[in-house]
Amino acid sequence: MKFEKLKNNPKLPKHIAFIIDGNGRWAKHRGLPRSFGHKAGFDNLKKQTDYVEQLGIKNLSLYCFSKENWNRPKDEVDYLMKLFDQMLDEYKQRYLTKDVRIVISGDMDDQRLPETVRKKAKELMELTKNKSGFIINPCINYGGRQEIIKAVNEIIKENKKDIDENEFEKHLYTKDLLPLDFIIRTSGELRTSNFLPWQSTYSEWYFPKILWPSFSKKDLVKALMSYMKRNRRFGAIKG
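Residue numbers (our numbering): 1 to 239.
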C-alpha cells in the first residue's frame with residue numbers, strides 16, 4: 001500500500017513511538033564522526049514526524065535521550081544537547097501557530113541539562129498545553145523505572161491510598177496521551193531499553209535492522225502495514 005492511501009486509515013495506530021537507534025553506527029559505516037550520525041538522525045526525525053502527522057496518527061513519542069545516555073563521552077553528550085536546543089527552537093517556530101501540543105517526557109529539573117534546554121522545554125509545554133491536535137512527545141533525559149518511582153513518590157506525598165491504574169497514570173509524563181499502540185526500534189537491536197515500560201504493556205513492537213538515519217517513508221509504510229495485519233487481543237480471544 002502506498003503512503004497516500006494510508007492516510008486516516010482507521011486501522012492505523014493512534015499513538016506510535018520511535019526508539020531512535022543507530023545514528024553512531026550509520027556514521028561509522030561512512031567513516032564519519034558520530035556527530036554526523038546524530039545530525040542525520042535529527043534531520044530524519046523531522047521527516048518522520050511530518051509523515052506521522054500527515055497520516056493522521058494522533059500521538060508520536062520519540063526516545064531521544066535516556067538517563068543512561070549520560071554515560072556517553074562528554075563531547076557527544078554536549079553535541080546532542082545542542083541538537084535538543086535547536087529542536088526546541090524549531091518546534092516553537094513551526095508548531096506554535098498550529099494545533100500541535102508538545103509534551104516532553106523526562107526529568108526537566110536535572111541540572112545536568114543545559115539551562116536553555118530546561119527553560120525552552122518548560123516554556124514550550126506551557127505555551128501548547130491547551131492545544132488538542134497532534135501531540136509530539138520527545139523523551140529527553142527519560143528513564144522508565146525513574147518515571148514509575150517519580151509517580152509513586154508523588155502519590156505518597158499526596159497521601160493517597162488504594163489507588164487504581166487510572167489514578168497511577170495521572171502521575172506519569174504521558175498522562176494526557178493516548179495508549180501506546182506501536183513501537184518501532186531501528187537498527188536491529190532487540191531490547192526495550194527502559195522506554196515507557198508502563199505505557200508499553202500491550203504495545204506492538206517492530207524491530208527493523210535499518211539504522212535510524214536511513215529509515216525512510218517506505219520503511220515507515222512497511223512497518224505500519226505489519227502493525228495493521230496483527231490481531232491485538234489484549235488477553236482475550238478474537239477471531
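We put the beta carbon where it would ideally sit given N, CA and C, even for glycine.
Asked	Found
Boundaries of the alpha helix (DSSP H) in which glutamate 4 is found, first to last residue	3-6
C-alpha gap between histidine 171 and glutamine 54, whole angstroms	30 Å
Local conformation of valine 117 per DSSP, three classes	helix
For tyrosine 173, the nearest candidate out of Glu189, Asn141, Phe182 (CA to CA)	Asn141
Below-8 Å beta-carbon distance, cysteine 139 vs any chain B residue	Any reference to chain B falls outside this structure, which holds one protein chain only.
Whether isoleucine 104 touches methionine 125 by CB criterion (8 Å)	yes
Limits of the unbroken beta strand (DSSP E) element including tryptophan 198	Where tryptophan 198 is concerned, there is no enclosing beta strand (DSSP E), given that its DSSP letter is neither H nor E.
Sub-8 Å separation of valine 221 and phenylalanine 3 beta-carbons	yes
Given asparagine 231 as reference, the closest of Phe65, Lys92, Glu76, Asp181 once Cα atoms are compared	Asp181
DSSP-derived helix/strand/coil call for tyrosine 173	coil
Cβ-Cβ distance between threonine 186 and proline 208 below 8 Å	yes
Pick from Asp109, Phe195, Phe18, Glu189 that is closest to isoleucine 148, judged by C-alpha positions	Phe195
Residue nearest to aspartate 219 in terms of C-alpha spacing, selected from Ile184, Leu83, Glu169, Asp78	Ile184
Rounded C-alpha distance that separates glycine 41 from arginine 34	11 Å
In DSSP terms, what arginine 185 is bridged to	Ile19
Residue of Glu204, Leu88, Asp21, Leu211 minimising C-alpha distance to leucine 224	Glu204
Residue span of the alpha helix (DSSP H) that contains phenylalanine 61, given as start and end	Correcting the residue identity first, residue 61 is serine in this sequence and not phenylalanine. No alpha helix (DSSP H) holds serine 61; the beta strand (DSSP E) holding it covers 59-66.
Coil, strand or helix - isoleucine 102 by DSSP	strand
Phenylalanine 234, DSSP secondary structure in three states	coil
Three or more C-beta pairs below 8 Å linking the region 152-169 and the region 111-126	no
Nearest-angstrom Cα separation, counted from asparagine 8 out to glycine 143	32 Å
Neighbourhood of aspartate 43 by C-beta distance below 8 Å, restricted to the same chain and skipping five residues each side	Pro213
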